[in-house]
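Single-structure report; data block below.
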Amino acid sequence: MKIGYPCINNSIGCTANKTFRLANYSEENLIKKVQENLDCLQKTLQFNVDNDLLFFRIGSGLVPFASHSICTFNWRDYFSNDLKKIGSYIKENNIRISMHPDQFVVLNAKNKEIVERSIKEVEYHCDVLDSMELKEDAKVQIHIGGVYGEKEESIKRFVNTYGGLSLKIKKRLAVENDHLSYSLKDCLKVNKITKIPVIFDSYHHECLNNGESFQEAMREVKKTWSKKDGVPMIDYSEQQKGKRKGVHTEKITIKKFKDFLKETEQFDFDIMLEIKDKEKSAIKATKVKL
DNA sequence: AGTTGTCAAGCTAGT
DNA sequence: ACTAGCTTGACAACT
Numbered sequence: 002m003k004i005g006y007p008c009i010n011n012s013i014g015c016t017a018n019k020t021f022r023l024a025n026y027s028e029e030n031l032i033k034k035v036q037e038n039l040d041c042l043q044k045t046l047q048f049n050v051d052n053d054l055l056f057f058r059i060g061s062g063l064v065p066f067a068s069h070s071i072c073t074f075n076w077r078d079y080f081s082n083d084l085k086k087i088g089s090y091i092k093e094n095n096i097r098i099s100m101h102p103d104q105f106v107v108l109n110a111k112n113k114e115i116v117e118r119s120i121k122e123v124e125y126h127c128d129v130l131d132s133m134e135l136k137e138d139a140k141v142q143i144h145i146g147g148v149y150g151e152k153e154e155s156i157k158r159f160v161n162t163y164g165g166l167s168l169k170i171k172k173r174l175a176v177e178n179d180h181l182s183y184s185l186k187d188c189l190k191v192n193k194i195t196k197i198p199v200i201f202d203s204y205h206h207e208c209l210n211n212g213e214s215f216q217e218a219m220r221e222v223k224k225t226w227s228k229k230d231g232v233p234m235i236d237y238s239e240q241q242k243g244k245r246k247g248v249h250t251e252k253i254t255i256k257k258f259k260d261f262l263k264e265t266e267q268f269d270f271d272i273m274l275e276i277k278d279k280e281k282s283a284i285k286a287t288k289v290k291l
């Protein structure tokens with residue numbers, strides 16, 4: 002089992018999510034920011050290896066505006082060496098990588114233009130991983146999308162859109178259960194038709210489920226991951242008590258985390274800790290003994 | 001130097 | 001009607 006955290010490291014004094022305003026777009030700005038982001042990503046991965054954190058989610062802002070029509074610059078060529086170098090480091094150290102496009106990616110939107118933009122954004126994420134020459138087990142995780150008051154129709158739209166995607170995208174996409182619309186059961190249903198691997202988010206499952214225990218959930222989820230896809234990826238987080246539903250905790254609760262691991266002990270998976278203090282809690286989690 | 005309004009993009013439920 | 005929350009604040013103009 003590998004343990005990781007998403008996107009940001011607060012210990013090393015740099016961020017791999019530097020950006021600029023669309024109004025200030027220029028090739029020069031883009032090159033500068035991407036270079037800074039790649040340098041910081043390399044540093045972050047080194048920190049992670051040093052601390053036995055071998056699962057990491059690369060932030061979507063690595064190449065600002067990459068999928069926007071304003072960006073005609075060939076960043077893949079320009080940064081080819083840096084991207085390959087990072088990819089080599091990832092492979093040498095056996096690091097598992099994921100990416101998670103943001104909320105604006107809605108493959109089942111009713112508006113065609115939103116779907117087109119979403120596909121472009123997903124493609125950009127795949128381009129990053131392809132440029133690093135990572136295997137198919139590096140995934141791009143998305144949610145099924147909007148409901149629009151008619152879930153069955155909306156699931157159908159997702160399946161249809163997915164069916165039309167290029168192989169390059171299909172081989173990296175995974176769907177994750179969300180905390181208010183699409184449950185694990187919905188994701189499994191989509192998997193039945195599309196074969197898309199299902200990323201299990203334990204906290205979302207606590208918010209929205211059909212009575213499955215973690216163990217039962219994992220048994221089903223595991224079946225959706227083929228050998229090429231690698232071991233299942235799991236997202237783990239906790240509800241901040243007294244806050245509105247969906248708010249994550251500042252720190253990990255070791256007891257709760259341990260309980261989760263105990264219940265799912267029989268399964269192998271990589272686990273992403275979506276906890277606000279990031280690498281701090283992740284490092285604590287690496288020291289947990291069952 | 002520090003503070004604060006704003007930033008490409010969507011959807012949902014809580015307030 | 002409005003906004004917090006989502007994988008994540010960072011930028012830039014202002015004081």
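Under the working numbering, the first residue of the first sequence carries the number 2, and numbering increases by one thereafter. Just so you know, even glycine gets a beta-carbon here, dropped at the ideal spot from N, CA and C.
Practice task
Assess, as a yes-or-no matter, whether the segment 46 to 54 is touched by the segment 73 to 86 under the definition of 3 or more beta carbon pairs within less than 8 Å.
Solution key: no
Practice task
Identify whether A175 lies in helix, strand or coil by the three-state DSSP scheme.
Solution key: Of the three classes helix, strand and coil, the one that applies to A175 here is strand, per DSSP.
Handout entry: Proximal residues to T287 (C-beta, below 6 Å), its chain only, five neighbours per side dropped
Key = I4, D53
Problem - Reduced DSSP secondary structure (H/G/I, E/B, other) of G5 - result: strand
Exercise for the section: Assess, as a yes-or-no matter, whether the segment 225 to 232 is touched by the segment 244 to 264 under the definition of 3 or more beta carbon pairs within less than 8 Å. Expected result: No: fewer than three Cβ pairs fall under 8 Å.
Problem - Rounded distance between the beta-carbons of P102 and E122, thought under 8 Å - result: 5 Å
Problem - alpha helix (DSSP H) segment containing M219, residue limits - result: Here the alpha helix (DSSP H) through M219 covers 215 to 224.
Handout entry: Candidates T254, I255, E154, F270: closest to V199 by CA position
Key = The candidate whose alpha carbon is nearest that of V199 is F270.
Handout entry: Nearest-angstrom Cα separation, counted from F215 out to L31
Key = 43 Å
Practice task
Specify, as a first and last residue, the run of the beta strand (DSSP E) that S203 falls within.
Solution key: Looking at the DSSP string, S203 is not in any beta strand (DSSP E); the run it does join, the alpha helix (DSSP H), is 203 to 208.
Problem - DSSP-derived helix/strand/coil call for F57 - result: strand
Exercise for the section: Look at the alpha carbon of I143 and the alpha carbon of E124, and state the distance between them as a whole number of angstroms. Expected result: About 12 Å.
Practice task
Confirm, please, whether the CB-CB distance from M100 to V64 is below 8 Å.
Solution key: Taking C-beta atoms as the reference points, V64 and M100 fail to come closer than 8 Å.
Practice task
Would you list the residues sitting across from L274 in a DSSP beta bridge?
Solution key: Answer is Y237.
Exercise for the section: Could you name each continuous alpha helix (DSSP H) segment of 4 residues or more that falls completely within the segment 57 to 114, going from the start of the chain to the end? Expected result: With a minimum length of 4 residues, the continuous alpha helix (DSSP H) runs that stay inside the segment 57 to 114 are 76 to 79, 81 to 93.
Handout entry: Those residues which DSSP pairs with K140 across a bridge
Key = S99
Handout entry: Whole-angstrom distance between I98 and P7, CA atom to CA atom
Key = In a straight line, the C-alpha of P7 is about 10 Å away from that of I98.
Problem - Cross-strand partners of H249 (DSSP beta bridge) - result: Q240
Exercise for the section: Closer than 8 Å by C-beta to D187: which residues in its own chain qualify, once you throw out the five before and the five after it? Chain order, please. Expected result: Result list for D187: I145, K152, I156, N178, in chain order.
Problem - 8 Å Cβ cutoff met for T162 and L108 - result: Less than 8 Å divides the Cβ of T162 from the Cβ of L108.
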